[in-house]
Each structure stands twice: as structure tokens, then as C-alpha cells.
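Worksheet: the structure to be examined is printed underneath.
There are 2 protein chains.
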Amino acid sequence: MHIEKEKEKNLKFYNLKPIISPRHIAIIGASNNPNKIGNVIIKNYLSVGFTGKLYPINLTSDNIMNIKAYKSILDVKGEIDLAVIAIKAEGVPDVLEECGKAHVKGVVVVSSGFAEVGNIELQDKLVSIAKKYNMPIIGPNCLGIMDPLSRNDTLFLPTFKIERPSIGGVSFLVQSGAIGSTILDLISTEGFGLAKFISYGNAAVVDEVDLLNYLADDKQTKVIVLYIEGINRGKEFIEVAKRVSKKKPVIVLKGGVTDAGATAAFSHTASLTGSHIAYEAAFKQVGFIIAHDFDDMLDYAKIFDTQALSTGDRIAVITNGGGAGVLTTDAIYLNNMQLAELSKKVKAKLRKQMPSIVNIRMPLDIGGDADDKRYKDALDAVTNDPNVDSIIVITLFQTPGADEKVADTIIEYGTQYKKPLIVISMGGSYTQAHKAIIEEEGVPVYESPTAAARSLSALIKYARYKNE
Amino acid sequence: MHIEKEKEKNLKFYNLKPIISPRHIAIIGASNNPNKIGNVIIKNYLSVGFTGKLYPINLTSDNIMNIKAYKSILDVKGEIDLAVIAIKAEGVPDVLEECGKAHVKGVVVVSSGFAEVGNIELQDKLVSIAKKYNMPIIGPNCLGIMDPLSRNDTLFLPTFKIERPSIGGVSFLVQSGAIGSTILDLISTEGFGLAKFISYGNAAVVDEVDLLNYLADDKQTKVIVLYIEGINRGKEFIEVAKRVSKKKPVIVLKGGVTDAGATAAFSHTASLTGSHIAYEAAFKQVGFIIAHDFDDMLDYAKIFDTQALSTGDRIAVITNGGGAGVLTTDAIYLNNMQLAELSKKVKAKLRKQMPSIVNIRMPLDIGGDADDKRYKDALDAVTNDPNVDSIIVITLFQTPGADEKVADTIIEYGTQYKKPLIVISMGGSYTQAHKAIIEEEGVPVYESPTAAARSLSALIKYARYKNE
Numbered sequence: 005m006h007i008e009k010e011k012e013k014n015l016k017f018y019n020l021k022p023i024i025s026p027r028h029i030a031i032i033g034a035s036n037n038p039n040k041i042g043n044v045i046i047k048n049y050l051s052v053g054f055t056g057k058l059y060p061i062n063l064t065s066d067n068i069m070n071i072k073a074y075k076s077i078l079d080v081k082g083e084i085d086l087a088v089i090a091i092k093a094e095g096v097p098d099v100l101e102e103c104g105k106a107h108v109k110g111v112v113v114v115s116s117g118f119a120e121v122g123n124i125e126l127q128d129k130l131v132s133i134a135k136k137y138n139m140p141i142i143g144p145n146c147l148g149i150m151d152p153l154s155r156n157d158t159l160f161l162p163t164f165k166i167e168r169p170s171i172g173g174v175s176f177l178v179q180s181g182a183i184g185s186t187i188l189d190l191i192s193t194e195g196f197g198l199a200k201f202i203s204y205g206n207a208a209v210v211d212e213v214d215l216l217n218y219l220a221d222d223k224q225t226k227v228i229v230l231y232i233e234g235i236n237r238g239k240e241f242i243e244v245a246k247r248v249s250k251k252k253p254v255i256v257l258k259g260g261v262t263d264a265g266a267t268a269a270f271s272h273t274a275s276l277t278g279s280h281i282a283y284e285a286a287f288k289q290v291g292f293i294i295a296h297d298f299d300d301m302l303d304y305a306k307i308f309d310t311q312a313l314s315t316g317d318r319i320a321v322i323t324n325g326g327g328a329g330v331l332t333t334d335a336i337y338l339n340n341m342q343l344a345e346l347s348k349k350v351k352a353k354l355r356k357q358m359p360s361i362v363n364i365r366m367p368l369d370i371g372g373d374a375d376d377k378r379y380k381d382a383l384d385a386v387t388n389d390p391n392v393d394s395i396i397v398i399t400l401f402q403t404p405g406a407d408e409k410v411a412d413t414i415i416e417y418g419t420q421y422k423k424p425l426i427v428i429s430m431g432g433s434y435t436q437a438h439k440a441i442i443e444e445e446g447v448p449v450y451e452s453p454t455a456a457a458r459s460l461s462a463l464i465k466y467a468r469y470k471n472e
Numbered sequence: 005m006h007i008e009k010e011k012e013k014n015l016k017f018y019n020l021k022p023i024i025s026p027r028h029i030a031i032i033g034a035s036n037n038p039n040k041i042g043n044v045i046i047k048n049y050l051s052v053g054f055t056g057k058l059y060p061i062n063l064t065s066d067n068i069m070n071i072k073a074y075k076s077i078l079d080v081k082g083e084i085d086l087a088v089i090a091i092k093a094e095g096v097p098d099v100l101e102e103c104g105k106a107h108v109k110g111v112v113v114v115s116s117g118f119a120e121v122g123n124i125e126l127q128d129k130l131v132s133i134a135k136k137y138n139m140p141i142i143g144p145n146c147l148g149i150m151d152p153l154s155r156n157d158t159l160f161l162p163t164f165k166i167e168r169p170s171i172g173g174v175s176f177l178v179q180s181g182a183i184g185s186t187i188l189d190l191i192s193t194e195g196f197g198l199a200k201f202i203s204y205g206n207a208a209v210v211d212e213v214d215l216l217n218y219l220a221d222d223k224q225t226k227v228i229v230l231y232i233e234g235i236n237r238g239k240e241f242i243e244v245a246k247r248v249s250k251k252k253p254v255i256v257l258k259g260g261v262t263d264a265g266a267t268a269a270f271s272h273t274a275s276l277t278g279s280h281i282a283y284e285a286a287f288k289q290v291g292f293i294i295a296h297d298f299d300d301m302l303d304y305a306k307i308f309d310t311q312a313l314s315t316g317d318r319i320a321v322i323t324n325g326g327g328a329g330v331l332t333t334d335a336i337y338l339n340n341m342q343l344a345e346l347s348k349k350v351k352a353k354l355r356k357q358m359p360s361i362v363n364i365r366m367p368l369d370i371g372g373d374a375d376d377k378r379y380k381d382a383l384d385a386v387t388n389d390p391n392v393d394s395i396i397v398i399t400l401f402q403t404p405g406a407d408e409k410v411a412d413t414i415i416e417y418g419t420q421y422k423k424p425l426i427v428i429s430m431g432g433s434y435t436q437a438h439k440a441i442i443e444e445e446g447v448p449v450y451e452s453p454t455a456a457a458r459s460l461s462a463l464i465k466y467a468r469y470k471n472e
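One line per chain: the protein sequences are A and B, in this order.
Counting in the working numbering, the first sequence runs from 5 upward without gaps.
Counting in the working numbering, the second sequence runs from 5 upward without gaps.
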């Protein structure tokens, strides 16, 4: 432990705050031509209402989107936190040199055409300029950064294709741009909030080690989600990962867990993914939460973003559908948890409140005709019972009594108590509308017993790791 | 084999066709009072445009929803195929006797209050009346039947809560009403077509053995989906299951696979679920496709409903996102399939067609800027290559080139060739709109690599079973 602390002291990190949450930005390659990436980027800044200064840099025009433009970043008088570079690859080293001379605090290079197409020499030039000026670079060949709080948005994606998410506590670190844009789009639809989104591409200078380290101390970030295909600095990664994991949950989805997948990953990002078993062991050792697919990744992020940690595995299940209660019970035990056994006092009270047909045992099937009153009594019982650690509420909104009052009752108990509470609801537009209302208030809704149980199990596992 | 055939001959089955696809229906308990189930049911028949004769039976009113009503089914002159009974449990035996005397061909008892609440004696009365008149009864305590083709619809569910699905090839057999209504709602949203939906409740007379046997010979039914918690007639079930499974795929989701889940199942439907291992072994033996959750169940149904069977496991993957290709490759190998190795000729042709940056190997990453032309070339190659058994097409609609023309190209190749072709697309409203277009034409779209690979693997497994 002592040795590790020593090691950690020796790790040096760039100051990434000016890149991620900049006040003043230069856009090199900003353009009035709507077919240019530099046009999409400056329009994004204008549309999200970026409040700092924007300096378009363009060789031929002195006015870009009605903002005064400069021929070179060296012509700009004011302080610049971030330079976004969106020009052809060949021109990048020269403008990077200028960025260094202009004392820019950091750069995002969205341009592609570097190591990913075999142009290693050109990428090496970037690395040496970064070192020369001690200037952090994200990219090249990346989407860059979206930070809804500072309204930093280097993404060059058409907004009609990808909805922008709301502000929240989940940060995403994604090497691949395509995966990144898909994730962004998915989380916008799922309606949970984004802290920082960083697609870091070739990771020539700033890599996942630096970014994880940054997010560990970022107060807005409650949960970190990481998609990786390989890690270059293994030792440093483990060191930083341990530190981060004791502070906040890190969910990791790794591409290339089979031999064929690893080969495909090498062809994709030139990542040497190494042995899957070694990775899995390393992730477990540092307390990372391993997701096996996009579904898992977003399901887990949702529970960690909204629910308190809990080490107990005694789960209360309330349901208005018998079969769904059976499937959820299966899922609970298959994920190494157990049904709670209600205390005698709580049972006696419920016996008086519930219709005689209701069996006072777990899973608590409160009947296909259950209304908000019955949900309230059941929720009151389980939230106050010391024998219950977490709660799964199943509401099949297809049944007669399940309506917006039931949703309100779930929200009331899901937000006022510290016990983790999650919901299972499956169905069409009526269900989806209620799901949106419940999730809006910070109570996660899952569309299958398996997804709910897996997520709750991940929460408990991490809570235990953190408590060790 | 010889002995089994003998056995099968000895199994007797009710003629269920008049219940499932009736021409003329009596509704006992039909009512003008909108709070009565008998009102919802007759309104449903009117709203779906049932074309046969409807005979409302009501003790006090001679006009129900502007249709002539009768005091007793014995007063009806015409032939009656199906009587739907929606009155209080106590009154059911008497009207059932009348149904028998009136030579009704079958009955659906939606009323509850029988064995499921311990009223076993009352349920026994139903069974003896059914035997006396050799009259099949579905229920009691069930939602009953939805057959969009004959417009039979005994379901008493409000339409604003549950959308009605379109006509298609998938039939659902569900004991539980709540699970049934949830499934109905889900498949309406998913947009794949329904053949028959049967929720059979307490299974006092007609059970899953009878219904499976019926669906085996139902021409409209291409795929059978079964949710069960337990089986009472094990031997007969196995016999019928074997016969069905050689004719068409049966997907089974079983509730109560853990000890606790089994206990919950007993409390729910009084099903003695028995050993999970024994069930799983039995299901495998008869070639059933085992689903582990709702997701699985619907994912599998979708591929079996739309794609040709194929025993080969050499999968071609076309993708416009590298990371998604990596994850899909992992999922293929984790589900015991392999990447196809393209033939030399096809590779050479692709090399000429694709940009130099595209690596001509599986997974075939055709680039983040891939448009319909590039998809067409790639699809043409893999559909015509004898080294390819099935195709997974990944389209991240977030990328610039992916649009409705790409969707049209996928549909073209997904519908004109016999090789199974499925799509992976994840994302928000733009993606969802394209997903709907593609699925409308009969090409299944999955929202994760895992779901796609699991479904394709299930298809191959079943194809091999059938070929044995």
C-alpha cells in the first residue's frame, strides 16, 4: 500500500480542466461552408449558447458566422483555454506549433488521417509538439468533448440524427467515435443526465489514464462509464483505476473479449487487447463494474446515478402481476441476492391493510387490481422494515388500477428514502409515458426482471468493494 | 419411435377451432354498464368489427349495445360456436350446464374466483360439466383469446392501455393474464404480427398440451411462444411437444427456475414447477428454444417469424462502426458461432469496390462514412458468397452516410435472399424511425450485439434440431 502511494505520487497529469470546461475557445478551421466540419462545430457552440469568447481561425475569411475571424491563433489577443482543430491532417502540426506559442491551455484535434490510417510519423509530430509546450491534446481522430455544464461541445454530429442529453451525473469515456455517438444518442433517449462526454480517439497524448484521473476529482461526475478496446499504460491504468474506484463507480465495457473480437479490435483502433482473462481479473481487482453489452452499460449507469449504495442483499419485491413476480424472484437468486423476509410487525400490519386474497410473503403480489393506495401501503411497509435492504417495484401498467397515481406513489417512496428502489415496467406507449415520468424524478425503470436484478446486484457488489 | 406413435394415437383432443376462430358467439354477462367486464368484451367485438352473429345474454335487459339480448343461451335459435362467460364465479356452473344443453362448441370462462383462491370444489364442477357434454372450456380466471384473423377477442383490457397488434405468424400461449397483457402490449409496440394469443388461466379443462397440439396444425402459426410456470401432464406434454417442435419452432419462457421462484410460482398459479434441471432437460430433448427473459422471448420470436432456417454458423458482419463490429464479433463467438471467411473471388471484387482504407476481412468495417452504395456492394458480396451462412448488418444511423437509402438497401437484401439477415441498430428517434421501416418489411432489428447474436444462435440451433 505504501509503495503504491509512492508510485502514485510519481504519476504526472496534464491539467485538463481548461480543455473540458473552457471559458474561451479558438476554432481552427472554422468555416462558413456548411459542408465543412469547422462549420458544424462553430454552429454547435452558437446553438448551445456558449457564453465565453469564440475565436474562429480561418485563412481566407475575416468573418465566420458573424464573428470576427483571425488568420492565425497568434493574432488573437485574449486568453485561449481550448483550441479545436478541424483542418486537414497535414496542416495540423503547423497550427499546433502556433497553439503552443500562443500559450493555449489545451487542444482537441478532431481531424483524422493519423495513426489510424498508418500515418504514424504525422502523429508522432503531434506528440512531440505536445511535449515541447507541455500542452495536452485530445485526439486526433476523435469526436472530442461535450460538457453540457460549460456548454463546451466539439462534436460535429448533425443534431437531427443525435439528440443532446440533459445535464446529470454520468460521464462517458469512449475511444471510438461511432460508439460514442451511439451512446450519446441512447442516453438522450433514456433521459438520464450527462456530466462529461469524452471521445478521445487515437489517444496520442491524453489517454484513458489521464481522463479517468481527471474524472475522479470532477465533482459533477458521480459515475464513470468507459468503453475500451485496449490499454497501453497498464501499470498506470491500474494505479489510477484503484484510486478512482474508491471514490466513485466505474462501469467498463470492453470490446475484444474473444480472440476474434480482439483481432477485430486491433484492426479498429490498433489496440493490443491482450488476454481477456487478464483484463477481467484486473477490472475486478480495482473494483470496476463489468458490463457485457450496451444494455448492461446503460442499465448500470442508471442505478448508480440515482440510487444510494447498499451492501445488503435482502430484496423486497412488490408486484401487481404474479408471473412477473416469479420471473423477478428467479432473477434475484440467479444474481446472488435473496428475497427479504418481512418482520413480524410489518407482516401483521400488511395483513390488516391488504385484501384477504393477498398472500403476505415475498414476492408481495398485491393483485392485478392494485391501485395507488395498495402500492402506498406496501411501499410504506418495505421502506420501513429493517429486514429489507433494497426494493424492486413491479408495475404492469396494463392492469386496471395502475395509473399516474401509482407512478406518483412510486416516485414518493423512491426519492424520500435512502434504500435503493428500482422499478420494472414493460409495455407500449402507456407504459413508456409512465416510465418517463418516473425516471424524470430519478427512479430508474427497467424493462425486464433480468436487467433490474443485474443492475441491483452490480450496485451491491460495488458498495461492498467500496466498504472493504 | 413406433411406441411413441402408438401413444400419440391414444391422446385425445377437443376440437378447439370453434373456440379460437368462432363464427357465432354468445356473451353471457354482456352488459350496458361500462363498469362490467361483460360490457368491455361486447364493445371489443363491436370495435374490431366481428362479422359473425353476437348473442348477448343478460338476465334483465333485452337489448345490449343495440343488439337483441337473451335471458338464457337456451333461448338462442342459431348455432353458437363460442360462449364467453363473464359473470360471478358462483353462477358459472348453472350457465355452463345451459351451454352444454345448447350444444355450444366451446366456452371461455373469464370469471375468476375458482381454484386460484382455493375454491377447488367450484372448479371441479366446471370440469365435470365439461366432461358431461364433451365441451372444451378455456379458463377459468383467464383473459381468453385474441385471434385477429377471425376477429375473436375475449380480452377485457382497456384499449388505451394496451395497443392491439397486427396480424402475423407468432402465437402466444400464456397461463398468466398479467404476463399475457404485458406481452400483447410489448408485441404491439415491437410491431410484429400476431397469429393467436391465448391466456388460459387455471387450465381446468383445456391446458397447454391441448393448445400446443392445436397450434401445431394451425396454418397461420409459424412460431409458438409459451410462458409457463409448471406442467401438470408431463408425459402428454413431452409427446405433443416433440410433434410440434418438428413442425415449427416453440420458444419457452419458464417462471420458477430457482427454488424461491418455484415457491413464488406455486403461490401464483398453484403450479408444482418441479426441478428446473428436469424441465430444462425436457425442453432441450424436445427441441424447444429456451428464453431466459421477456427480451429473449421477443427477440427470438422476431427472427423465427421472419427468417429462413439455416444450420450454418459462418456469419458475415458488415458494419459502419468499428467498435460495434468488435462487440458483435465477441457476441458471435460467445454464442458458439464464427465469422465467415469470404471466398477469394468475392474478396478481390470488394477490394476494387471499397475505399483503400477499408480492410477486406470480417467484421467488414465499411467506414463511418458508408452510404447506401457501399452497403449495397458489401451486401451483394456476402449474400452471394457460398462461404457465408448468415448476415449481421450493423448500421449506426448516427453516422453521416446512414439514411433511408441505407435502410432500403438492407430491406432489399434482407427480403430477396434466403440467407438469414438481421440488423443491429441502437439509438434515439432517428434510429427508431428507421428500425420501424426495416422491421415493417420483415427484417428484424436488434438493439444490441448480444440480442442479435443470441437470436441468430437460437435459429441455427433449432434448424439443426429440425434437420436431425
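Each residue gets a CB set at the ideal place from its N, CA and C atoms; glycine is no exception.
Since we're looking at a predicted model, the values are computed, not measured.
Could you pull the start and end residues of the beta strand (DSSP E) that residue i belongs to?
i, result
"A/Tyr18", "Counting along the chain, A/Tyr18 falls outside any beta strand (DSSP E), and DSSP gives it neither H nor E."
"A/Gly480", "Because chain A is modelled from 5 through 472, residue 480 of chain A falls outside the range shown and cannot be assessed."
"A/Gly110", "110-113"
"A/Gly60", "Contrary to the premise, residue 60 of chain A reads as Pro rather than Gly in this sequence. Residues 58-61."
"B/Lys200", "198-203"
"A/Val261", "It is not in any beta strand (DSSP E) - A/Val261 carries neither H nor E in the DSSP assignment."
Based on Cα-Cα distance, which residue from the options lies nearest to residue i?
i, options, result
"B/Lys422", "B/Met341, B/Ser429, B/Gly432, B/Ala312", "B/Ala312"
"A/Lys349", "A/Tyr469, A/Asp384, A/Gly446, A/Ala245", "A/Asp384"
"A/Ile396", "A/Gln420, A/Asn236, A/Lys356, A/Pro453", "A/Pro453"
"A/Ile32", "A/Tyr18, A/Gly205, A/Asn62, A/Thr55", "A/Asn62"
"B/Asp2", "B/Ile166, B/Ala245, B/Val261, B/Gly143", "Not covered by the structure: residue 2 of chain B. The range shown for chain B is 5 to 472."
"A/Lys380", "A/Ala93, A/Ile364, A/Leu188, A/Ile414", "A/Ile414"
"B/Glu445", "B/Asp412, B/Ser459, B/Ser429, B/Ser461", "B/Asp412"
Buried or exposed for residue i, going by 16 or more other Cβ atoms inside 10 Å?
i, result
"A/Ala457", "buried"
"B/Ala344", "buried"
"B/His6", "Its pLDDT being 39, under 50, B/His6 is placed unreliably in this model, and the value from its coordinates should be taken loosely. Exposed, because fewer than 16 other Cβ atoms sit within 10 Å of the Cβ of B/His6."
"B/Arg318", "buried"
"A/Leu50", "exposed"
"B/Ala440", "exposed"
"A/Asp300", "buried"
Could you check the C-alpha separation between residue i and residue j for me, to the nearest Å?
i, j, result
"A/Lys47", "A/Ile68", "10 Å"
"A/Phe80", "A/Ala182", "Here the sequence assigns Val to residue 80 of chain A, which means Phe is not the residue at that position. Cα-Cα distance, rounded: 34 Å."
"A/Thr315", "A/Val392", "12 Å"
"B/Ile362", "A/Val256", "Residue identity differs from the one stated: residue 362 of chain B is Val in this sequence, not Ile. Each residue's alpha carbon lies about 28 Å from the other."
"A/Ser180", "A/Glu243", "24 Å"
"B/Lys9", "B/Ile426", "Caution applies to B/Lys9, whose pLDDT of 42 falls short of 50 and renders its modelled position unreliable; the value that the coordinates give is listed next. For B/Lys9 and B/Ile426, the distance between alpha carbons rounds to 38 Å."
"B/Thr158", "B/Pro140", "16 Å"
"A/Leu346", "A/Asn471", "26 Å"
"B/Asp334", "A/Ala266", "8 Å"
"A/Lys105", "A/Tyr137", "8 Å"
"A/Asp222", "B/Gln436", "34 Å"
"A/Glu480", "B/Ala462", "With chain A covering only 5 through 472, there is no way to say anything about residue 480 of chain A."
Indicate whether residue i and residue j have their beta-carbon atoms separated by less than 8 Å.
i, j, result
"A/Pro78", "A/Val114", "Here residue 78 of chain A is Leu; the residue named in the question, Pro, does not match the sequence. No. Outside cutoff."
"A/Gly110", "A/His28", "no"
"A/Gly325", "B/Thr186", "yes"
Between which two residues does the alpha helix (DSSP H) holding residue i run?
i, result
"B/Thr413", "408-420"
"A/Ser132", "124-137"
"A/Ile370", "From DSSP, A/Ile370 is part of no alpha helix (DSSP H); its letter is neither H nor E."
"A/Gly446", "Looking at the DSSP string, A/Gly446 is not in any alpha helix (DSSP H), and its letter there is neither H nor E."
"B/Val244", "238-251"
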